[in-house]
Each structure stands twice: as C-alpha cells, then as structure tokens.
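Notes for the one structure printed next.
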Amino acid sequence: MEKPIFVTQPFLPPLEEFVEYLQKIWQSKILTNNGQFHQQFEKELCEYLGVKYISLFSNGTLALITALQALRISGEVITTPYSFVATTHSLWWNGIKPVFVDIEPDYYNINPDKIEAAITPQTTAILPVHVYGNPCQVDKIQKIADTYGLKVIYDAAHTFGVKINDNSVSNFGDLSVLSFHATKVFTTFEGGAIICHDEKTKKRIDFLKNFGFANEITVVAPGINAKMNEIQAAFGLLQLKYVDEAIAKREIISNLYRKKLTGIKGLKVMHDIQNVKHTYPYFPILIDPIDFGANRDEIYNRLKEKNIFTRRYFFPLISDFPTYKGLPSASTDNLPIATKIAKEILCLPIYPNLSIEDADKIITYLYELKG
Ligand code: T4K
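If you read the sequence shown in this note's numbering, its first letter stands for residue 182, the second for the next number, and so on.
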C-alpha cells in the first residue's frame, strides 16, 4: 500500500527555530494572559494582514461565539448552511435562531439576492462565510445590512491573507473571524482571531475572552476563557515568516490541478476571481454523476482505496444535522443550490509539501475513474 495522502497537512517551520522561542518562554515563565509573544503576534498580524485591530483566540469557534457576544447579537441571524458546523453552532451557543439562506452557484457563498426575503423583525445580523477563501459579495451584503440596520460578522476561517483589490477581505463587515486550526493555510496548532475596526470594540472583545475582566477587580460581562497562549502565539510569529512561501507552494499545486482538470466533462473546477489575491486553502471540484459517469461518493471511495483521503467539505449541509433540520429555513426546498453542491463536492488534497508527483498521481486516478 502506498503512503496515505490526506486532504491537508500543516506546514511546520524548522523545529530548531521554534526551540528559540520556547527558551524565551522558559526564561520569562509567562505562559499566557497577554504575554510578550501574544502582543507581538497581534502587532505583526495586523501589519501582515493590513488590518487595524486584532484579538487572538484559542480557536476559531470561541472567536465566533465571542464575536456575536461582543456585538450583543440576539434573536435571528441569517447564515449559510454550506459551511463547517461551527458557524451555526456559534449561534446556538448564544441562544440565537439560525435562518438559512441558499448559496450562489459559482463560489458557494450565501446568495445576497436571497437575504432580504429571510429578514424578519427579529433579525439582528448576517453571518456569511467566505467559503474556501473565495470572498462573498461583500458590497451587496453590506448594502442590505445598512438598509435594514443589521450587523455583519464574517466567518473568515478560510481567508487568511485573502485580499480584494489589495484590501484585506477581513476589513469588510463589522467583524471578521479567523481560524488558525492545524488544517488551515496559517496555523497556531489551534487558534483564531477577531478582526475589528476600532479600539473600543477590541477592548470589549479582549474583556470577553478573559472572563469579562476589565481590570483586576471589575467584571463587565459573563466572559469566557478563550485566550491564546504564549506557545501558540510564538508558533504564529514563526509561521508568519514562512507563510508566503507556503502559499506560493499551494498556488503551484492549485494551478497544476486546474490546468490538468479543466475541460473534463462532468468535472468542474473553480477559477480565481479577478482582483482577488487567493491563498488556496482547498481545491474543491464538483462531480456531475451523469456527465462524469461516476458519482462523487464513488470517486471518494475509490480514491480512499488508493490511500488518498479527499474530503466532502461541506456534506452534509449544516441544515441537515439533527440539531438544525427542524428549522423552517432548513428545508431542502429553501436550499436547492446548497443541496446540489453538497452532493457533488469533493475537496482534493492541497498543502505546501504535497509533491507534484503525488498531485499528478491524483489527477491520473481521476482520469482513470471517469466513466
Ligand atoms: N468556520 C469555518 C468555516 C471552518 O471551516 C472552521 C473550521 C471553523 C469555523 C472553526 O474554527 P476552529 O474552531 O476549528 O479553529 C477540520 C478542522 O477541525 C476545522 O478546523 C475546519 N474548520 C474543518 C473544515 O476541518 P476535520 O474534522 O475535517 O479535521 P480532521 O482532523 O479530519 O483533519 C483533516 C485532515 O488534515 C486529516 O485527515 C489529516 C490532516 N491533519 C489534521 C490535523 C488536525 C494533519 O495533518 N494534522 C493535524 O493536526 O475538521
């Protein structure tokens, strides 16, 4: 059996370089609670991403939950069923009712043209996701939010380093939430962040992620413990030095797949969007069972037999999980595009250390599997 190839693999900088950071932590004995590496990492991330304020978190899910708390979102929130389940879970953890709106057929992000019809007097916000790092139609979404007095919180878990016309995608909306999980383009093992536009909001977010403490003796809200620790922050600082190199390697794999898979009947690849800087977190393809001659699950299973572990992100839809499927907006009739895409989607392996030979092997297998 050949060595397994997973959908992703984290990019790890040289270990000896990380040891230097660890030595500093051992000297200072500061392990967490806004230590030196935490402060430095926030500063360097702001510079790298081109954003004003960032608050680091222990993971992306707690950052999402806190983002909703920070803006006091309540009632109903309009969101997408086509995402990782954490997006909707963050609403549930805040006692908010999710209202699912269908996605658009090109980039599988929430369809702005369907949002207005889902707004009720209880709606307080929109929670879209830039799926696979492809930006949502941010201007249209903002216009709706402005018209109806809604907040916009972007789940930007997939968009590290993505820019629209040279402006960070995280500058759109009221808040943007990043994930630095091991499977992401940029990782701190586990980790996340909230990006905001003003100092006051950052302060509130920082209180909330530290139990609500505003100072030693004042608790201003029922906050949680969602702080990033010094080891994560140190790893992040080191990762930052290598992230451009890692993204460039992802781009090579992405271009190879795209070049060799474009034009196969029944297999659709996604194309880059003009004026967007992409960072290639995933390589999704759609398999049309009739035209390709085999369905998505057959391909998934046949590749698995060859020790190639693709993933069906995002199947099942969030709206099909038992917790959410009783909601009126979760009905298949309300979500025809998302339902179709979830049946046909397959994410191919992509990561900086995936060799050209292995990517070519995957391409060859796909040609062999075509009916
Ligand atoms: N919003 C969105 C849109 C998200 O996609 C996510 C997370 C979140 C919010 C929440 O952010 P976090 O709280 O996670 O920061 C993975 C990740 O666990 C999850 O972070 C991610 N999205 C989601 C899309 O994918 P799984 O269950 O598919 O991961 P897993 O463990 O099966 O990993 C996939 C492959 O990656 C493995 O087969 C091997 C490789 N791998 C994985 C890990 C964890 C490694 O090589 N090393 C590793 O350490 O959920």
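We treat Cβ as the ideally placed atom computed from N, Cα and C, and that holds for glycine. All values derive from a computational prediction rather than experimental measurement.
Cβ of residue i within 7 Å of any heavy atom in the ligand T4K?
i, result
"Q190", "yes"
"N240", "yes"
"A363", "yes"
"R492", "yes"
"S236", "no"
"A407", "no"
"G373", "yes"
"S357", "no"
"T340", "no"
"T268", "yes"
"S536", "no"
"F222", "no"
"V232", "no"
"S360", "yes"
"S264", "yes"
"V343", "no"
"F187", "yes"
"V333", "no"
"V310", "yes"
"D478", "no"
"D387", "no"
How would you label residue i, buried or exposed, when you count the other beta carbons within 10 angstroms and need 16 or more for buried?
i, result
"E397", "exposed"
"G444", "exposed"
"N406", "exposed"
"G276", "exposed"
"E426", "exposed"
"D514", "exposed"
"Q204", "exposed"
"V401", "exposed"
"T460", "buried"
"N534", "exposed"
"N436", "exposed"
"K390", "buried"
With a cut-off of 8 Å, does the C-beta of residue i fall near any C-beta of chain C?
i, result
"D327", "The structure shown contains no chain C, having only a single protein chain."
Spatial neighbours of residue i within its chain, please: CB distance less than 7 Å, with the 5 preceding and 5 following residues excluded, ordered by chain position.
i, result
"V188", "F490, T491, R492, C528 and P530"
In the DSSP assignment, find the unbroken beta strand (DSSP E) run with residue i in it and report its ends.
i, result
"E257", "E257 to T260"
"T443", "Taken as a continuous stretch (DSSP letters only), T443 belongs to no beta strand (DSSP E), as it is neither H nor E."
"A248", "From DSSP, A248 is part of no beta strand (DSSP E) but of the alpha helix (DSSP H) over G241 to A251."
"I284", "Where I284 is concerned, there is no enclosing beta strand (DSSP E), given that its DSSP letter is neither H nor E."
"V319", "Not the beta strand (DSSP E): V319 falls in the alpha helix (DSSP H), residues V319 to Y329."
"A395", "F394 to N396"
Starting from residue i, follow the alpha helix (DSSP H) in both directions and report where the run begins and ends.
i, result
"Y229", "Q217 to L230"
"G404", "Counting along the chain, G404 falls outside any alpha helix (DSSP H), and DSSP gives it neither H nor E."
"N482", "R477 to E486"
"V200", "L196 to S209"
"I307", "Careful: I307 lies outside any alpha helix (DSSP H), inside the beta strand (DSSP E) at T304 to L308."
"L272", "A267 to W273"
Excluding the five sequence neighbours on either side, which residues of its own chain have a C-beta within less than 6 Å of the C-beta of residue i, listed in chain order?
i, result
"P262", "F281, L498, I499, S500, L516 and A519"
"P462", "G314, H339 and V366"
Which residues in the same chain have their Cβ closer than 8 Å to the Cβ of residue i, if we skip the five residues on either side of it in sequence?
i, result
"F502", "V266"
"E371", "S239, N240, F361, H362, A363 and Q413"
"Y278", "Residue 278 is actually Lys in this sequence, not Tyr. Around K278: G256, E257, V258, L272, Q303 and L508."
Under a three-way DSSP split, which group does residue i fall into?
i, result
"I454", "coil"
"D469", "coil"
"G314", "helix"
"I235", "strand"
"T340", "coil"
"N436", "helix"
"I543", "helix"
"K551", "coil"
"I376", "strand"
"P530", "coil"
"N348", "strand"
"V512", "The displayed chain sequence assigns Ser, not Val, to residue 512. Coil."
"S360", "strand"
Regarding residue i and the ligand PLP, is the C-beta to nearest heavy atom distance less than 7 Å?
i, result
"L245", "By its list of ligands, the structure shown excludes the ligand PLP, since it contains just the ligand T4K."
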